[in-house]
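Sequential numbering from 8 applies to the first sequence in the numbering used here. Note that CB positions come from ideal geometry on N, CA and C, so glycine has one too.
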Amino acid sequence: MKILCVAEKPSIAKEVSRILSGGNFRTRNSKNKYIKNYDFKFNFPRKGSCDVTMTSVVGHLTGVDFPPAYKWGNCIAGKLFDAEIVEKVMKQDVFDNIVNEARNSGQLMIWTDCDREGEYIGYEIFKAASKGNNRLAIENIWRSRFSHLERSHIIQAAANPVTLDLKAINAVSCRIELDLRVGASFTRLLTDALKNKSVIDAKDVASYGTCQFPTLGFVVDRYKRVKSFTPEKFWHIQVELAKDGVKTNFNWTKGHFFDRLYVMNLYQECLKHKDGKIIKLEQKRRSNYRPLPLTTVELQKDCSMFFKMSAKAALEAAEKLYNRGFLSYPRTETDTFPATFDFKGTIERQTSDSRWGEYASRLLTNGIENARSGNKNDEAHPPIHPVNYVNINTLTSADEKKVYEYVVRRFLACCSKDAIGQQTSATLLWGDETFTSSGLMVTEKNYLEIYTYKKWESSKQLPKFIQGEVLPITGGIIKEGKTTAPNYMTETELIALMDANGIGTDATIAEHIDKIINRGYVVKEKKKGEIIVPSPLGMGLIEGFDGMDFDNISLSKPFLRKRLETSLQQIVDGTTTKDEVLAELKGLYKQAFSVSNRNINQLVNYCKTVISENS
DNA sequence: GCAAGGTC
């Protein structure tokens with residue numbers, strides 16, 4: 008019996024082949040330069056000794072589009088909500104390889120990632136394989152379930168296949184259809200209308216996407232909050248006292264008030280007392296936690312914050328390092344290491360480095376701390392970690408140097424002890440009011456020694472107060488402050504917002520940000536750090552849509568996309584169906600489209616006004 | 001010329 012195994016990407020095909028064959032496999036090339044076919048023997052408990060060919064695709068095999076009758080210009084944009092959709096092969100050479108290899112195979116086994124998209128890619132592989140071999144039936148397809156590449160886990164997965172999950176496949180096909188219909192119809196509507204009035208160049212496209220616009224919406228929303236902010240004054244009491252020649256400031260436990268007179272009255276009462284009394288002294292042990300295992304989103308947030316690197320550049324650098332075997336797979340949502348993870352071996356490979364090698368050695372001698380466990384798991388990939396050692400001086404790209412060093416330091420930090428400090432705090436009673444002051448002493452830096460990006464330092468120490476002691480107040484004043492505007496959006500914050508609202512995935516968040524930059528909807532600006540602000544066009548589009556009278560929905564906010572995500576999960580869980588979700592969400596977007604279509608001139612004129620006001 | 005999702 009011959010069994011054809013197909014993974015989602017070349018690296019998995021190679022590694023699984025190596026494990027199942029015990030290293031004894033033959034490699035054949037395919038027409039695609041990334042894809043190899045591996046032949047070996049393996050004993051499947053259900054079939055006995057089999058000839059296996061293991062190969063892979065490179066992500067999705069097929070894409071969707073409208074038939075020629077619905078080409079841009081051939082029909083009105085609104086028609087696209089109910090137009091026929093055709094599937095097209097995007098990578099013919101990859102597709103052909105599956106067709107060929109399936110011809111004389113008695114069994115197909117899918118080894119794609121254990122997530123929703125992986126299930127759908129499995130279905131695409133099945134369809135390609137059936138082209139070459141019509142004896143393959145979907146209900147007989149083996150689907151392996153594996154979440155990492157540890158040997159015994161892979162052997163287990165090979166022995167215990169399940170069937171393809173049609174519910175997950177339907178969920179993805181629902182997403183694909185909705186994104187295409189909504190994206191294409193709104194993009195054509197916007198582009199044609201804006202071009203018609205010369206708001207955008209003839210060569211430009213004004214795209215709408217279910218992820219692009221909520222992303223743009225976040226940026227516009229923040230920008231408007233900054234611009235419309237009016238500071239408000241507030242008042243509070245601050246006290247200073249001196250002991251042993253050391254002056255210490257105490258802060259009011261009541262915080263601050265916006266009513267000056269009220270604060271004034273309390274202050275007047277305080278002033279009747281010359282002395283204050285230390286009524287409480289406390290010593291607390293403080294921990295500063297080592298970081299969680301690294302996900303893609305965290306990597307991008309940190310690289311943006313620490314190195315001013317765009318999310319896209321960070322992911323690209325990590326991908327290059329992965330392709331040369333230096334880092335593990337860089338697209339992961341998992342922040343927990345598998346129980347079998349080889350921490351010792353991974354740390355040992357870093358001991359020769361001149362920057363962090365000594366620390367790595369010390370960890371090995373003094374004991375590796377168990378990494379913390381987060382609560383995210385994509386069931387497909389482990390957290391990002393260094394695989395093989397590379398001296399960063401030999402890397403040519405500055406981004407790659409930074410990303411590799413960061414991943415190593417982050418990993419070593421994960422295996423280190425938390426930082427420990429002692430916090431001393433004192434409470435002072437002055438008249439009827441209480442005030443506090445505290446000092447921090449970092450006693451053990453631990454992970455902070457290696458994770459140099461983060462600062463947690465000792466503050467000024469408190470003098471040795473004594474419980475109950477009465478000390479003269481050397482300064483008690485009313486201080487005026489004012490509320491400050493929120494800051495402009497940083498890329499780090501934008502990534503966090505998208506992640507929290509389910510806009511995009513670990514693999515696509517960076518692309519969405521990049522896209523709205525390339526469309527000219529937002530720009531990056533240097534202003535004490537890098538910020539992202541909307542362009543007049545981006546402002547105009549969001550405010551234009553927000554000004555329309557939709558029925559309880561918004562085209563610029565993340566709610567609809569989030570609702571889709573929730574519905575997709577319900578399809579997977581079996582509590583609803585693809586048809587129901589499509590009917591509901593397509594209906595909502597279709598309504599919004601017809602309102603937009605009616606008011607498109609208003610939107611265009613509005614964009615025009617905003618642009619001319621800002622030029 | 002349109003989307004978002006995989007991956008190289």
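- Item | Runs of beta strand (DSSP E) wholly within the segment 173–222 (minimum 3 residues, chain order) | none
- For residue 610, is the classification buried or exposed, using 16 other Cβ atoms within 10 angstroms of its Cβ as the cut-off for buried? buried
- Local Cβ density within 10 Å of residue 372, reported as buried at 16 or more and exposed below that: exposed
- Where do the ends of the beta strand (DSSP E) carrying residue 146 lie? First-last for residue 146: undefined, no H or E at that position.
- Using the beta-carbon count (16 or more within 10 Å), is residue 79 buried or exposed? exposed
- For residue 398, count neighbouring Cβ atoms within 10 angstroms of its own Cβ and tell me buried if that reaches 16, exposed if not. exposed
- Message: Buried or exposed, going by whether 16 or more other CB atoms sit within 10 Å of the CB of residue 33?
- Response: exposed
- Task: Report, in whole angstroms, the separation of the C-beta atoms of residue 469 and residue 463, which I expect to be a contact under 8 Å.
- Result: That pair is no contact at about 18 Å.
- Task: Could you tell me whether the Cβ atoms of residue 87 and residue 126 are closer together than 8 Å?
- Result: no
- Query: Taking DSSP as the reference, what is the three-state secondary structure of residue 59?
  - Reply: Reduced to three states, the DSSP call for residue 59 is strand.
- Query: Name the DSSP bridge partner or partners of residue 293?
  - Reply: In the DSSP assignment, the residues bridged to residue 293 are 428.
- Item | Cα-Cα separation, residue 534 to residue 307 | 20 Å
- Buried versus exposed, by CB contacts within 10 Å (16 or more), residue 353: buried
- Message: In the DSSP output, what is residue 35 paired with across the bridge?
- Response: Looking at the DSSP assignment, residue 35 forms a beta bridge with 44.
- Task: Tell me the start and end of each unbroken beta strand (DSSP E) in the segment 281–336 that is at least 3 residues and wholly inside, in chain order.
- Result: 282–295
- Task: Name the residue from 460, 383, 445, 422 whose alpha carbon lies nearest to the alpha carbon of residue 409.
- Result: 460
- Task: Please confirm if the segment 221–229 is in contact with the segment 500–510, defined as three or more CB-CB distances below 8 Å between the two stretches.
- Result: yes
- Query: So does the segment 371–385 actually touch the segment 273–292, counting three or more Cβ pairs closer than 8 Å?
  - Reply: no
- Item | Touch test, the segment 145–157 against the segment 195–202, Cβ-Cβ under 8 Å, three pairs minimum | no
- Query: Among all the DSSP beta bridges, which residues are the ones paired with residue 363?
  - Reply: Its beta-bridge partners do not exist; DSSP assigns none.
- Query: Can you tell me whether DSSP reads residue 533 as helix, strand or coil?
  - Reply: In the structure shown, residue 533 sits in a strand (DSSP, three-state: E or B).
- Query: Which value, in whole angstroms, describes the spacing of the CA atoms of residue 419 and residue 330?
  - Reply: 22 Å
- Where do the N-terminal and C-terminal ends of the alpha helix (DSSP H) with residue 487 fall, by residue? No alpha helix (DSSP H) contains residue 487, which is instead part of the beta strand (DSSP E) from 477–489.
- Inter-stretch contact at 8 Å, needing at least 3 Cβ pairs: the segment 315–324 / the segment 468–486: Using a C-beta cut-off of 8 Å, the segment 315–324 makes no contact with the segment 468–486, since fewer than three inter-stretch Cβ pairs fall below that distance.
- Message: Among the candidates 613, 576, 586, whose CA atom is the shortest distance from the CA of residue 543?
- Response: Just measuring C-alpha positions, the residue of 613, 576, 586 sitting nearest residue 543 is 613.
- residue 555, DSSP secondary structure in three states: Residue state for residue 555 is assigned as coil, using DSSP reduced to three classes.
- Take the Cβ of residue 119 as the centre, count every other Cβ of all protein chains shown within 10 Å, and call the residue buried at 16 or more, exposed below. buried
- Looking only at C-alpha atoms, which of 414, 621, 48, 596 sits nearest to residue 191? 596
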